[in-house]
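A.B. asks: Residue numbers (full-length UniProt numbering): 1 to 222.
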Amino acid sequence: MAERLNLDLVDVTYSGATTAAVLTDNQRGAPPQICALDGSEALVTVTVGGNDVGYIPLLIVASLPNFARRLPMLRGWVADLLDRDARDRALATVFDSLCEVGRSIRKRSPSARVLFVDYLTLLPPAGVGAPPLSEADAALGRHVAETLERLTAEAAVETGCEIVRAAAASRDHHAWSVQPWAEKTGRLARYVVPLLGRPAPLHPNEAGMHAVARAITAQWGR
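(1) Determine which residues share a DSSP beta bridge with I163 and list them.
(2) For W176, which residues from the same chain have a beta carbon less than 6 Å from its beta carbon, with the 5 sequence-adjacent residues on both sides left out?
(3) How long is the line joining the alpha carbons of N205 and A155, rounded to whole angstroms?
(4) Could you check if A153 is buried or exposed, using at least 16 other CB atoms within 10 Å of its CB as the buried criterion?
(5) Measure the C-alpha to C-alpha separation of A126 and A139 and round it to an integer number of angstroms.
(6) My output table needs one value for Y191: the three-state DSSP class, helix, strand or coil.
(7) Based on Cα-Cα distance, which residue from A17, G39 and E158 lies nearest to Q33?
(8) Report all residues from its chain with a CB closer than 6 Å to the CB of R142; omit the five preceding and five following residues, and keep chain order.
(9) Write down the C-beta distance between A2 and Y14 rounded to the nearest angstrom, noting that I regard them as a contact closer than 8 Å.
(10) Could you check if H210 is buried or exposed, using at least 16 other CB atoms within 10 Å of its CB as the buried criterion?
(11) What do you get for N26, buried or exposed, if any count of 16 or more other CB atoms within 10 angstroms of its CB means buried?
Here it is in C-alpha cells:
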C-alpha cells in the first residue's frame, strides 16, 4: 500500500497495544507509538481500543474449556472479561481515550490525514454458530465489537479525523465464514499460540490485511 501511494512506511504497531501504549506507555521496551511522529507525515493510520475494552481477551477466555475457566489462577480473570457490566464500564471510558489519540496525532502531525481504521469483523451474526464460543459469549463479543465500532467512528468525527470502516466491509468475511479475513479460535493451543506459518487466532489473515489496505487506499483517493 505504501508503495502504491508513494509513501515511506513507518510501522510501530505492537500486539496487545492499548490507547495508553499509543500515548504515554512504553511497551516491551519501545516508547509510546506516538513518539514516532515528527510532523513530516502525510498519512497516519491507527487501529486501537480493542485491548482497552478486553475485546480479544474475552473471546480468548470464551474459547477455553470449562475446566480451564475454573482454574484458580484464571477464574477471576475469566469472570471479569465475560461480565457484561465490566465490559460496559470499559466501553464507557474508551471514547475519551480514542479522542485523545486522535487529537494527539493531529497535534504532532498537523499536515497528515489521520485515519482511524476500525477492526475487521470477527464474529458471525446472531444465530450463526461460532464454536467453541457459546451463543451468550458470542453475543457479548458482538456487543463489544459493535459498540467499539460506533465509538471509533464518533471519535474520528469529534477529532477531525477520518474513518475507514473495515468492520462493515468484512461482515461477510468473519472468522467463521467460507472466505474469512481473520482466523477463528479453537479450544486447543491455537487460541493462544498461532500454528507455524499461520496468523494468530482472532487476528487478520493475509486476505484481511489486503482488504484493509484496499480500503485505506480507497479512502486516500477521496
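Just so you know, even glycine gets a beta-carbon here, dropped at the ideal spot from N, CA and C.
C.D. replies: Result, derived from the coordinates:
(1) In the sequence shown, counting from the first residue as 1, residue 163 sits at position 163. BP columns for I163 point to F116.
(2) Your numbering for residue 176 matches position 176 in the sequence shown. Here the set comprises P124, A130 and K184.
(3) For the purposes of this step, residue 205 is identified with residue 205 of the sequence shown, where counting begins at 1. For the purposes of this step, residue 155 is identified with residue 155 of the sequence shown, where counting begins at 1. Going from the Cα of N205 to the Cα of A155 covers about 27 Å.
(4) The residue labelled residue 153 in the question sits at position 153 within the sequence shown. Classification of A153: buried, given that the 10 Å Cβ count is 16 or more.
(5) In the sequence shown, the residue the question calls residue 126 occupies position 126. In the sequence shown, the residue the question calls residue 139 occupies position 139. Straight-line Cα distance between these residues: approximately 7 Å.
(6) Position 191 of the sequence shown, counting from 1, holds the residue named residue 191. The predicted model places Y191 with a pLDDT of 46, which falls under 50 and marks its position as unreliable; any figure quoted below should be read in that light. DSSP places Y191 in the helix class (H, G or I) of the three-state scheme.
(7) Residue mapping note: residue 33 aligns to position 33 of the sequence shown, counting from 1. The shortest C-alpha separation from Q33 is found at A17.
(8) Translated into positions along the sequence shown, residue 142 becomes position 142. Here the set comprises L123.
(9) Taking the sequence shown and counting its residues from 1, the one referred to as residue 2 is at position 2. Taking the sequence shown and counting its residues from 1, the one referred to as residue 14 is at position 14. Not a contact, Cβ separation roughly 19 Å.
(10) Along the sequence shown, one-based indexing puts residue 210 at 210. Per the 10 Å Cβ criterion, exposed.
(11) By one-based count along the sequence shown, residue 26 stands at place 26. By the C-beta density criterion, N26 is exposed, having fewer than 16 other C-beta atoms within 10 angstroms.
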